[in-house]
Amino acid sequence: MLSRTADHVYWLGRYAERAENFARTLDVQYRLSLLPHEAQSDGVGWQRTLATLGFSNEYAERHDTLEPHHVIDFLAFDRGNPSSILNCLRMARENARAVRGTISSEMWETFNSTWLEARANAPSRFSARNVAEFVDWVKYRAHLARGVVLGSMLRDEGYHFMQIGTFLERADGVVRLLLTRLACEPASTDGGPVAHDYYPWSVLLRALSAFEIFRRVSRDSVTPAHVLAFTIFRPDVPRSVYRSTSLVYENLQAVRNTQSAETERRAGRLHASLRFGTLDSVPPDSVEQFLNGVLATTADLSERIGRDFLGHSPAG
Amino acid sequence: MDRPEPPYDEMYAPDGRVRPHYSAYSDWLVRQPDDALRQKRVEADSLFHRVGITFAVYGEQEGNERLIPFDIVPRVLSAEEWRALAAGLRQRVRALNAFIGDIYHEQDILRAAVIAPEQIYCNPQYRPEMQDMDVPGGIYAHIAGIDVVRAGPGEFYVLEDNLRVPSGVSYMLEDRKMMMRLFPELFALNRVAPVEHYPDRLFGNLASVAPDGVADPVVVVLTPGANNSAYFEHAFLAQQMGVELVEGQDLFVREGFVYMRTTRGPQRVDVIYRRIDDDFLDPLVFRPDSVLGVPGLMSAYRAGRVTLANAIGTGIADDKSIYPHVPDMIRFYLGEEPLLANVPTKVLRRPDDLAYTLAHLDELVVKEVHGSGGYGMLVGPAASTAEREDFRLRILAAPEKYIAQPTLSLSTCPTFVEQGVAPRHIDLRPFVLSGREIDIVPGGLTRVALRAGSLVVNSSQGGGTKDTWVLED
Numbered sequence: 001m002l003s004r005t006a007d008h009v010y011w012l013g014r015y016a017e018r019a020e021n022f023a024r025t026l027d028v029q030y031r032l033s034l035l036p037h038e039a040q041s042d043g044v045g046w047q048r049t050l051a052t053l054g055f056s057n058e059y060a061e062r063h064d065t066l067e068p069h070h071v072i073d074f075l076a077f078d079r080g081n082p083s084s085i086l087n088c089l090r091m092a093r094e095n096a097r098a099v100r101g102t103i104s105s106e107m108w109e110t111f112n113s114t115w116l117e118a119r120a121n122a123p124s125r126f127s128a129r130n131v132a133e134f135v136d137w138v139k140y141r142a143h144l145a146r147g148v149v150l151g152s153m154l155r156d157e158g159y160h161f162m163q164i165g166t167f168l169e170r171a172d173g174v175v176r177l178l179l180t181r182l183a184c185e186p187a188s189t190d191g192g193p194v195a196h197d198y199y200p201w202s203v204l205l206r207a208l209s210a211f212e213i214f215r216r217v218s219r220d221s222v223t224p225a226h227v228l229a230f231t232i233f234r235p236d237v238p239r240s241v242y243r244s245t246s247l248v249y250e251n252l253q254a255v256r257n258t259q260s261a262e263t264e265r266r267a268g269r270l271h272a273s274l275r276f277g278t279l280d281s282v283p284p285d286s287v288e289q290f291l292n293g294v295l296a297t298t299a300d301l302s303e304r305i306g307r308d309f310l311g312h313s314p315a316g
Numbered sequence: 317m318d319r320p321e322p323p324y325d326e327m328y329a330p331d332g333r334v335r336p337h338y339s340a341y342s343d344w345l346v347r348q349p350d351d352a353l354r355q356k357r358v359e360a361d362s363l364f365h366r367v368g369i370t371f372a373v374y375g376e377q378e379g380n381e382r383l384i385p386f387d388i389v390p391r392v393l394s395a396e397e398w399r400a401l402a403a404g405l406r407q408r409v410r411a412l413n414a415f416i417g418d419i420y421h422e423q424d425i426l427r428a429a430v431i432a433p434e435q436i437y438c439n440p441q442y443r444p445e446m447q448d449m450d451v452p453g454g455i456y457a458h459i460a461g462i463d464v465v466r467a468g469p470g471e472f473y474v475l476e477d478n479l480r481v482p483s484g485v486s487y488m489l490e491d492r493k494m495m496m497r498l499f500p501e502l503f504a505l506n507r508v509a510p511v512e513h514y515p516d517r518l519f520g521n522l523a524s525v526a527p528d529g530v531a532d533p534v535v536v537v538l539t540p541g542a543n544n545s546a547y548f549e550h551a552f553l554a555q556q557m558g559v560e561l562v563e564g565q566d567l568f569v570r571e572g573f574v575y576m577r578t579t580r581g582p583q584r585v586d587v588i589y590r591r592i593d594d595d596f597l598d599p600l601v602f603r604p605d606s607v608l609g610v611p612g613l614m615s616a617y618r619a620g621r622v623t624l625a626n627a628i629g630t631g632i633a634d635d636k637s638i639y640p641h642v643p644d645m646i647r648f649y650l651g652e653e654p655l656l657a658n659v660p661t662k663v664l665r666r667p668d669d670l671a672y673t674l675a676h677l678d679e680l681v682v683k684e685v686h687g688s689g690g691y692g693m694l695v696g697p698a699a700s701t702a703e704r705e706d707f708r709l710r711i712l713a714a715p716e717k718y719i720a721q722p723t724l725s726l727s728t729c730p731t732f733v734e735q736g737v738a739p740r741h742i743d744l745r746p747f748v749l750s751g752r753e754i755d756i757v758p759g760g761l762t763r764v765a766l767r768a769g770s771l772v773v774n775s776s777q778g779g780g781t782k783d784t785w786v787l788e789d
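Protein chains in written order, with the working numbering: chain A, 1 to 316; chain B, 317 to 789.
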């Protein structure tokens, strides 16, 4: 497969997943901001959200005060923010367009119509006032896109590169979501159930489409430690960090080339650390450090994949 | 304006009766309420947007993609009309390929004084780099788009030969798909010859002209990129043929061979269906500032390591100054009489043609020899006095840059416009594939001038397209 094509497909996967991750992140924070006891500390939640996503400076350049509707607007709709959900949808569409000859027509049409609909509806129907509706719509379109990829895309290198992009981005997004939550209220991994932990951590589970799964497979109560263990280490939870990195590793093996051995080894090491790790093996005050380590590894992998497979170096 | 005869109408005979090959369609059409048709047109627009069948408009930012208007009334040709037309097209393209081969080899036609040498050597479309180089099968114009119009009492004329990078075939295919989706019942009522196999034939044709000794050739489509106005077509054809769509930066030349950069290292490329003009193909030989091309491509091409389709230098045969000589080429190379007529053309480098043209500017269409896309032309009857005077000065300054033709009253075809169904002028671009043999899918792309009375069908000037039906016997 052409390196340039692989590059576009990889970024198609990343941007599509990023739009969904941001929608889920927005969903969590928006729901939490509706809580009475959160109302006075509302600013803090939005501030932490911006910080873990790495947008504090960009936001400050555009807005003087931390108004919730400004943050929502900035994250979801701002055309000047290259990573706003709207721009992620546009970038997914642009990358799909660049390889529309390689991906299936149904895939292209899905990403194209998602963008056309977003553009047609923002800001009239989709706006900071209707953020819940927008989040639902983004998630729905993401489900649709996933379905069309599963149902129509040839299982060749292009598919693997798209999966790599998708799951690297997902691991990154879920870790950031957990870090935001931890920054808001540091977890006491040894404590028993605390009433006021319940709501924020169950919201987080819901945003990851994992609340019902948690209830079904676990007898544990909703505590920070249980939710962390569940969303980081479970192999069978679709959006868990372990599952995401494991899929990155698996798809990397499928596209292996003569220069990718070291990248594969590093992906394997991350995979193994989550496969055989437990929350108990992470000191209670080091959870954030552990998660930041995962972030550093995904960033490193992204750079190495670009060099090993997607680069435009003269040797091809 | 004095117009003794109304133009030929594709659907209705002069006595108002429906022509036989249109009868099934006409019976159906009269039963359709305008509202239903209008609804179908809206549906077509939204489908084209979703599928992204758009052309890019330069200089605009977001949303810089527009639709080419699609008309829901098809243009229908009878089997008999098509047979005659196709025979004429084959003959013409055979002669054009023979001419290009001759020009880049022995130049018999110049020695026989059928064409003057300065018309070749002073023409920027002549590529000395191609002189004495052999190409596989002696084929230069693998894909030709021949613009045909119907005028007077219904005779076909060739208006223009497009032998460089003719475009529009994706619209032919998508228009058919759209018609079948919007009006499936019509295809039960009419035996319409299929066109869907074009990409298959194109691939076979390209593979057949691979360099000698290559058993399973790697074919690619070379595009200038996603900002090019025809990008949709490039991507579409690559996808339909199942080959890679590459940009210049994806290719490189090493030790005389062309490779593409892949995730598993370099891969040999044997045939390049290039949708980039000659000038931009190789910065080492042509325009040095081109970033679209591949340095060293020309040397690999000359060494026979890669096939380009179309070949470099085909522009020498589709130039408007050469066009008047095509009937002579057919006689010279094939020893046959032309089956398809040329539009009678005044060549203004000839003094008597120049004098005649200047005396009849209000009746003629004057075209720049190197212009295209409907730019740089004067439509005498439609122009103002000032415009005609302006053109007169331009002609006098450089008569050799112009040709003149009578204002053809192009045939009309019923078309669904704001006011309902009304006649609009049309042309036709069939696509002729030349490989080891010549192949034409029935029909082509019908373009329609949507403004009442307008004769300009180019999409850059407000033209639209129609599905083109060739009925089977």
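Ideal Cβ placement from N, Cα and C applies to all residues, glycine included.
If you count every other CB in all the chains shown that lies within 10 Å of the CB of residue i, and 16 or more means buried, which is it?
i, result
"glycine 612 of chain B", "buried"
"glycine 316 of chain A", "Note that glycine 316 of chain A has pLDDT 35, beneath the 50 cutoff, so the model's placement of it is unreliable and no number is given."
"glycine 173 of chain A", "buried"
"serine 124 of chain A", "exposed"
"valine 217 of chain A", "exposed"
"isoleucine 164 of chain A", "buried"
"proline 336 of chain B", "exposed"
"valine 451 of chain B", "buried"
"serine 750 of chain B", "buried"
"histidine 312 of chain A", "Note that histidine 312 of chain A scores 41 on pLDDT, short of 50, meaning its location in the model is unreliable; the coordinates nonetheless yield the value given after this. Counting Cβ neighbours within 10 Å, histidine 312 of chain A comes out exposed, since fewer than 16 surround it."
"valine 607 of chain B", "exposed"
"alanine 19 of chain A", "buried"
"tyrosine 341 of chain B", "buried"
"glutamate 169 of chain A", "buried"
"histidine 458 of chain B", "buried"
Which one of the options has the shortest CA to CA distance from residue i?
i, options, result
"proline 510 of chain B", "B:Glu471, B:Arg408, B:Ala395", "B:Ala395"
"glutamate 445 of chain B", "B:Ala699, B:Gly453, B:Ser776, B:Tyr420", "B:Tyr420"
"aspartate 350 of chain B", "B:Gly736, B:Leu787, B:Asp644", "B:Gly736"
"arginine 406 of chain B", "B:Asp477, B:Ala523, B:Val574", "B:Asp477"
"aspartate 566 of chain B", "B:Gly558, B:Asp593, B:Val537", "B:Val537"
"histidine 271 of chain A", "A:Leu247, A:Glu303, A:Phe290, A:Gly158", "A:Leu247"
"cysteine 729 of chain B", "B:Ile742, B:Thr630, B:Phe472, B:Ala329", "B:Ile742"
"tryptophan 108 of chain A", "A:Gly13, A:Tyr30, A:Ala299", "A:Gly13"
"valine 748 of chain B", "B:Pro640, B:Leu726, B:Met488, B:Ala460", "B:Ala460"
Determine, using beta carbons only, whether residue i comes closer than 8 Å to chain A.
i, result
"methionine 576 of chain B", "yes"
"histidine 458 of chain B", "no"
"threonine 701 of chain B", "no"
"valine 569 of chain B", "no"
"glycine 484 of chain B", "no"
"arginine 497 of chain B", "no"
"aspartate 491 of chain B", "no"
"aspartate 516 of chain B", "no"
8 Å is my cut-off, CB to CB: does residue i come that close to chain B?
i, result
"tyrosine 10 of chain A", "no"
"alanine 6 of chain A", "yes"
"tryptophan 108 of chain A", "yes"
"valine 149 of chain A", "no"
"arginine 97 of chain A", "yes"
"glycine 101 of chain A", "yes"
Tell me residue i's beta-bridge partners as DSSP assigns them.
i, result
"alanine 467 of chain B", "B:Glu471"
"histidine 741 of chain B", "B:Thr728"
"serine 750 of chain B", "B:Ile754"
Under 8 Å, with one C-beta from each stretch per pair, do the region 494 to 503 of chain B and the region 383 to 394 of chain B reach the 3-pair mark? Yes, the region 494 to 503 of chain B touches the region 383 to 394 of chain B.
With three or more beta-carbon pairs closer than 8 Å as the criterion, would you say the region 408 to 422 of chain B touches the region 596 to 614 of chain B? no
Taking 8 Å as the cut-off, does the region 226 to 233 of chain A touch the region 244 to 252 of chain A (at least 3 CB pairs, one atom from each stretch)? no
Touching by the beta-carbon criterion (3+ pairs, under 8 Å), the region 293 to 311 of chain A and the region 739 to 759 of chain B: no
Contact between the region 254 to 263 of chain A and the region 282 to 292 of chain A is defined here as three or more beta-carbon pairs at a separation below 8 Å; is this criterion met? no
Report yes or no: do the region 140 to 160 of chain A and the region 197 to 205 of chain A share at least 3 C-beta pairs separated by less than 8 Å? no
Decide yes or no for the touch test of the region 568 to 575 of chain B against the region 420 to 435 of chain B: beta carbon pairs closer than 8 Å, at least 3 of them. no
Check whether the region 89 to 102 of chain A and the region 347 to 363 of chain B touch, using three or more Cβ-Cβ pairs below 8 Å as the test. no
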